[in-house]
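Take a look at the structure set out below.
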């Protein structure tokens with residue numbers, strides 16, 4: 059990421075969020091995303107309670123959140139990949155652009171996705 063890109067907030071990196079019903083599904087999706095270079099890193103965050111409208115009523119479920127670091131250009135492919143593995147009828151896949159941060163970390167995200175992994179710190 060160049061200094062000019064950082065100044066404009068265009069890092070080319072996004073963070074996607076996916077809720078999953080349990081740790082096994084979370085691990086399956088996380089590993090597949092990283093192995094397929096659609097994500098540099100996936101954090102599996104436990105202890106989430108979701109309250110949502112579905113099938114005409116309010117539902118409450120225990121879930122986990124996947125915090126997925128990826129290139130912004132990969133979000134459509136990542137979304138399709140997650141939907142192909144996810145057990146929900148309508149799974150959450152949302153993404154936000156990263157507008158700044160550690161230049162070396164953002165470079166690692168870019169280098170670890172799509173073009174080939176170079177290794178580095180996971181966080």
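In the working numbering, the protein residues as written are 59 to 181.
Glycine included, every Cβ here is placed at the ideal spot set by N, Cα and C.
Given the structure is predicted, the values throughout are model-derived calculations rather than measurements.
Extent of the continuous alpha helix (DSSP H) run through residue i
i: residue 158; result: That residue, residue 158, is in no alpha helix (DSSP H); it is neither H nor E in DSSP.
i: residue 137; result: 133 to 143
Short Cβ contact (8 Å threshold) for residue i with residue j
i: residue 136; j: residue 90; result: no
i: residue 119; j: residue 130; result: no
i: residue 124; j: residue 76; result: yes
i: residue 85; j: residue 103; result: no
i: residue 121; j: residue 100; result: no
i: residue 138; j: residue 74; result: no
i: residue 67; j: residue 159; result: no
Residue i versus residue j: straight-line alpha-carbon distance, rounded
i: residue 163; j: residue 98; result: 10 Å
i: residue 147; j: residue 72; result: 24 Å
i: residue 79; j: residue 141; result: 14 Å
i: residue 167; j: residue 87; result: 18 Å
i: residue 171; j: residue 69; result: 14 Å
i: residue 161; j: residue 96; result: 20 Å
i: residue 113; j: residue 145; result: 17 Å
i: residue 110; j: residue 81; result: 20 Å
i: residue 169; j: residue 134; result: 18 Å
Residue i (DSSP reduced to helix, strand or coil)
i: residue 88; result: helix
i: residue 170; result: coil
i: residue 151; result: coil
i: residue 110; result: strand
i: residue 165; result: helix
Cβ neighbour criterion (16 or more within 10 Å) applied to residue i
i: residue 177; result: Because the pLDDT at residue 177 is just 46, under 50, the model does not fix this residue reliably, and the value given afterwards should be weighed accordingly. It is exposed - the Cβ of residue 177 has fewer than 16 other Cβ atoms within 10 Å.
i: residue 83; result: buried
i: residue 127; result: buried
i: residue 92; result: buried
i: residue 156; result: buried
i: residue 116; result: exposed
Residue interval of the beta strand (DSSP E) (run including residue i)
i: residue 119; result: 115 to 129
i: residue 74; result: 71 to 78
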